[in-house]
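Protein chains in written order, with the working numbering: chain A, 32 to 416; chain B, 212 to 345.
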Amino acid sequence: MQTESIKEAIRTHRAHYCLDCGKCTSVCPISWRDPSFSPRALVESCRLDATGTVLSDERIWECLTCGRCSLVCPSDVQFVRFVRELRSVARHAHQEGHCTHGATIQTWMRMMADPEIKQERLGWLTGDLRTAAKSDTVYFVGCLPYYDVLFRNTGAQGTEIAQGAVRIMNALGIEPMVLSDERCCGHDLLWEGDTDTFGRLAKLNTESLRATGARRVVTTCPECAYTLRTDYQLGMEVVHITELLAARWDKLAECVTAQESEQPLTVTFQDPCRLGRYMGVYDQPRQLLLNLGLQLAEMDHHGSRSICCGTSAWTQCGATAKCIQVDRLREARATGSDLLVTSCVKCQIHFKCAQNDPVLEDGLRIEVRDLVTLVAERLKESAGS
Amino acid sequence: MSMSLTEPRIIVFTCNWSAYSGLESAGAEGLSYPASVHPVRVMCLARLHPGLILRAFELGAAGVLLLGCPPGECHYGSGNSRAAEMFEELQALARLLGVRDEQLQLDWVTTGQGATFANKVREFADRLMLVPAT
Numbered sequence: 032m033q034t035e036s037i038k039e040a041i042r043t044h045r046a047h048y049c050l051d052c053g054k055c056t057s058v059c060p061i062s063w064r065d066p067s068f069s070p071r072a073l074v075e076s077c078r079l080d081a082t083g084t085v086l087s088d089e090r091i092w093e094c095l096t097c098g099r100c101s102l103v104c105p106s107d108v109q110f111v112r113f114v115r116e117l118r119s120v121a122r123h124a125h126q127e128g129h130c131t132h133g134a135t136i137q138t139w140m141r142m143m144a145d146p147e148i149k150q151e152r153l154g155w156l157t158g159d160l161r162t163a164a165k166s167d168t169v170y171f172v173g174c175l176p177y178y179d180v181l182f183r184n185t186g187a188q189g190t191e192i193a194q195g196a197v198r199i200m201n202a203l204g205i206e207p208m209v210l211s212d213e214r215c216c217g218h219d220l221l222w223e224g225d226t227d228t229f230g231r232l233a234k235l236n237t238e239s240l241r242a243t244g245a246r247r248v249v250t251t252c253p254e255c256a257y258t259l260r261t262d263y264q265l266g267m268e269v270v271h272i273t274e275l276l277a278a279r280w281d282k283l284a285e286c287v288t289a290q291e292s293e294q295p296l297t298v299t300f301q302d303p304c305r306l307g308r309y310m311g312v313y314d315q316p317r318q319l320l321l322n323l324g325l326q327l328a329e330m331d332h333h334g335s336r337s338i339c340c341g342t343s344a345w346t347q348c349g350a351t352a353k354c355i356q357v358d359r360l361r362e363a364r365a366t367g368s369d370l371l372v373t374s375c376v377k378c379q380i381h382f383k384c385a386q387n388d389p390v391l392e393d394g395l396r397i398e399v400r401d402l403v404t405l406v407a408e409r410l411k412e413s414a415g416s
Numbered sequence: 212m213s214m215s216l217t218e219p220r221i222i223v224f225t226c227n228w229s230a231y232s233g234l235e236s237a238g239a240e241g242l243s244y245p246a247s248v249h250p251v252r253v254m255c256l257a258r259l260h261p262g263l264i265l266r267a268f269e270l271g272a273a274g275v276l277l278l279g280c281p282p283g284e285c286h287y288g289s290g291n292s293r294a295a296e297m298f299e300e301l302q303a304l305a306r307l308l309g310v311r312d313e314q315l316q317l318d319w320v321t322t323g324q325g326a327t328f329a330n331k332v333r334e335f336a337d338r339l340m341l342v343p344a345t
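See the structure below:
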C-alpha cells in the first residue's frame, strides 16, 4: 500500500524521469551544508525502495521546498511536490519531522481547525486603522498576531506588519475587511504532509472568505498568498501586498515621502521562496524600494537564484539551518546595505533568530525589515484621512 | 446544577517537589478532589513549554492548571521563575486562541500541603463549571 503510494508520487511528479545528473544537489542549500542530503539521492532511494523503508528516512523532512532544484532540473522533475506528497505518505506511516518550538505552531494551527474555536485575534487593530464590515477587499492577516507573541524575544515584527498593511491600504482608499474567525492558511501543515488538517482549515477559511462577498484577498505573507491562490479553490483574486502596492504606485506615490537626502539608505532584498520562485514576483518589491528613493544593492544570489532563509514549515531547524542563515546574513552585509528587506515574516524571524547568536553577533549585524513597515513609516500624516 | 456525565477533563501539571507531594498528602489524608482532575507529574514546571500545554487544549482539555513551588522555594532554584516567564507567553497565545483565563492558571502549593492542593484543584474545577458552554 505504502510502496504503491510512493510509486504513485514518483509517477505524478515526474521523479521517474530523473537522469541522476545531480544538478539539483549542486544548487541545493541543504546539500551545500549537509552532504548526507541530496534531492537526487532521495529520488533514487524512493525508486529503489521495495518495502517502504524509505519512509522512515530522515532526509524526507530536510528539504526546504525552496524550489531551486526545479530551476536546473533537465527533466522537469517536480521535486518539491514529490517531497510534499512523500511526507503525506510518511505521515500515514506514523513518521514526522522534528517540529521546532515544541510543535507550538503546529498545535495552534490544529486548534484552529476546530470549527468551534472563538479566537481573539484582532487585538492589533488600533483605533486609527479603518476597516469595513463590507468591502471588495479582505485582508488575510495570517498568523502574524501569534508570531508576535512567540517570537517577541527575537525582535521580529508581527503586528506592525498587519497594522502597516491596513494603514497603507487606507491611504490608497481601501478599507479592507478583517475576519475575527480567520484561521491559519494551513501552508505549513500541507507542506509537512498533514493534508487532513490542511483540508479542514482550507474549508473553514474558504467558507468565511466567500461569505464576505469580497472580490479580492490581500495577504502580507507570501505563503498565505501562494496557498490561497494555488491550493484553495476560492474563486477570488488573491494578491500579495507587494503586487497590490506596485500596481497602485501612481496613487501611493502621492501618499509617501520618498527619501530625498544626499545619502539615501542602501537596501538589499531577500526574495521569499513562495513570492519569488513560486509566484514569480521579483520586480514589484524592488520597484517599490526604488520608488521609495532607496538604493538597491543585490546580493550575489538574488531573484530566482535567491536562497531560502533556512527553515520551512517550522520543521528540522538545526545546525544546517543556522549555517544557511549565517551565510545569507553575511551575503547581505557584503552588499554594504543598511537594511535587509524582505516580504515574509518568516524570513524575518529566522534571520533575527540567527542574529541572536552571542558569538557571531557582530558579524551578522544588519537591520532586517519587512517591506510593508518600510512603506508604512513613510506615509504622510495626511495620507488617507 | 445537574452534573453532566461528560464532565470536562482538567489537566493539572504538578511539580514533583511541591504540588505532587501535596497530592500524595491529600491522598494519605483521605481528602477528595474532583474526579475530572487528571494530574501529570513533571520534575519541574520549567520543563513545560507552551506547545505542550496548548496540546492539552487541542486534545480537548477543559482546563489546565499548573501547580509549582512557591516563590523562593523552587527545588532547583530558578525553575518557578522560568515557569512564570513561560506562562506569560503561553497565556498570550492561549488568549489569542480564545482560551479564557479561568481555563488556564499558574499557582503554587507548598510541599506536603494536602489540603491546599485539594482546595486549589477543587476551586479551579468549580470555576470552570460556571463557565458557560460555548
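For each residue, glycine too, the CB sits at the ideal point set by N, CA and C.
Under a three-way DSSP split, which group does residue i fall into?
| i | result |
| --- | --- |
| Arg220(B) | coil |
| Gln347(A) | coil |
| Leu308(B) | coil |
| Gly367(A) | coil |
| Pro303(A) | coil |
| Thr288(A) | coil |
| Tyr48(A) | helix |
| Asp337(B) | helix |
| Leu410(A) | strand |
I believe residue i touches residue j by the beta-carbon criterion, under 8 Å. Please report the beta-carbon distance rounded to the nearest angstrom.
| i | j | result |
| --- | --- | --- |
| Val180(A) | Leu317(B) | Incorrect: roughly 17 Å between the Cβ atoms, too far for contact. |
| Pro70(A) | Cys59(A) | 6 Å |
| His271(A) | Pro253(A) | 6 Å |
| Val172(A) | Glu213(A) | 6 Å |
| Ile41(A) | Arg78(A) | 6 Å |
| Leu102(A) | Ile61(A) | Contact flag wrong, Cβ pair sits at about 15 Å. |
| Ile221(B) | Leu339(B) | 7 Å |
| Gln29(A) | Cys340(A) | With chain A covering only 32 through 416, there is no way to say anything about residue 29(A). |
| Leu234(B) | Phe335(B) | With 8 Å as the limit, Leu234(B) and Phe335(B) do not qualify as a contact, their Cβ atoms being about 14 Å apart. |
| Thr243(A) | Val209(A) | Rounded, the Cβ-Cβ distance is 10 Å, inconsistent with contact. |
Take residue i as the anchor and find which of the options has the nearest alpha-carbon.
| i | options | result |
| --- | --- | --- |
| Gly154(A) | His132(A), Tyr177(A), Gly186(A) | Tyr177(A) |
| Arg99(A) | Val376(A), His333(A), Leu321(A) | His333(A) |
| Arg308(A) | Ser337(A), Pro295(A), Lys282(A) | Ser337(A) |
| Gln88(A) | Val103(A), Val114(A), Trp63(A) | Here residue 88(A) turns out to be Asp, not Gln, going by the sequence shown. Closest option to Asp88(A), Cα to Cα, is Val114(A). |
| Glu35(A) | Thr82(A), Val399(A), Ser368(A) | Thr82(A) |
| Met200(A) | Arg241(A), Asp225(A), Trp345(A), Arg247(A) | Arg247(A) |
| Ser299(B) | Leu259(B), His249(B), Pro281(B) | What sits at residue 299(B) in the sequence shown is Glu, not Ser. When each option's Cα is compared against that of Glu299(B), the closest is Leu259(B). |
| Gln109(A) | Ser343(A), Thr56(A), Met32(A), Ala46(A) | Ala46(A) |
| Pro282(B) | Val275(B), Val251(B), Ala295(B), Leu315(B) | Ala295(B) |
| Leu50(A) | Phe68(A), His44(A), Pro105(A), Ile91(A) | Pro105(A) |
| His44(A) | Cys52(A), Glu116(A), Leu102(A), Ile91(A) | Glu116(A) |
| Val376(A) | Thr251(A), Ser239(A), Leu296(A) | Thr251(A) |
| His125(A) | Arg279(A), Asp225(A), His271(A), Pro389(A) | Asp225(A) |
| Leu323(A) | Ile148(A), Thr157(A), Trp280(A) | Trp280(A) |
| Val85(A) | Met142(A), Ser76(A), Ser62(A) | Ser76(A) |
| Glu412(A) | Cys378(A), Leu327(A), Glu285(A) | Glu285(A) |
| Trp345(A) | Leu221(A), Leu410(A), Met310(A) | Leu221(A) |
| Leu405(A) | Val390(A), Val372(A), Asn387(A) | Val372(A) |
| Arg90(A) | Glu127(A), Cys52(A), Gly217(A) | Glu127(A) |
| Met307(B) | Ile221(B), Arg220(B), Leu265(B), Met254(B) | First, the amino acid is wrong: residue 307(B) is Leu here, not Met. If we check each option's Cα against that of Leu307(B), Leu265(B) comes out closest. |
| Leu240(A) | Tyr263(A), Gly341(A), Cys339(A) | Tyr263(A) |
| Pro219(B) | Met254(B), Trp319(B), Phe268(B) | Phe268(B) |
| Ser368(A) | Val390(A), Ser374(A), Arg400(A) | Arg400(A) |
| Asp227(A) | Asp145(A), Thr351(A), Lys38(A) | Asp145(A) |
| Ala350(A) | Glu147(A), Asp388(A), Ala289(A), Leu160(A) | Asp388(A) |
If we call anything under 7 Å between Cβ atoms a contact, is residue i one with residue j?
| i | j | result |
| --- | --- | --- |
| Leu320(A) | Val287(A) | no |
| Cys6(A) | Met140(A) | No answer is possible for residue 6(A): it lies beyond the span of chain A, which begins at 32 and ends at 416. |
| Gly309(B) | Glu151(A) | yes |
| Pro303(A) | Leu402(A) | no |
| Gly158(A) | Ala407(A) | no |
| Glu398(A) | Leu370(A) | yes |
| Pro207(A) | Thr168(A) | yes |
| Glu268(A) | Val312(A) | no |
| Phe224(B) | Val251(B) | yes |
| Gly323(B) | Glu240(B) | no |
| Leu242(B) | Leu256(B) | no |
| Leu175(A) | Ala164(A) | no |
| Gln318(A) | Ala278(A) | no |
| His129(A) | Gln347(A) | yes |
| Val320(B) | Tyr244(B) | no |
Nearer than 6 Å: is that true of the beta carbon of residue i relative to any heavy atom of the ligand NAD?
| i | result |
| --- | --- |
| Gln294(A) | Among the components modelled here there is no ligand, and therefore nothing to report on the ligand NAD. |
Specify whether the segment 382-397 of chain A and the segment 360-367 of chain A touch according to this definition: at least 3 beta carbon pairs, one from each stretch, less than 8 Å apart. yes
Counting beta carbon pairs with one atom in the segment 375-394 of chain A and one in the segment 182-190 of chain A, are three or more of them shorter than 8 Å? yes
Sufficient close CB pairs (3 or more, under 8 Å) joining the segment 353-361 of chain A to the segment 217-232 of chain A: no
Meets three-Cβ-pair contact criterion under 8 Å: the segment 257-272 of chain B and the segment 126-146 of chain A: yes
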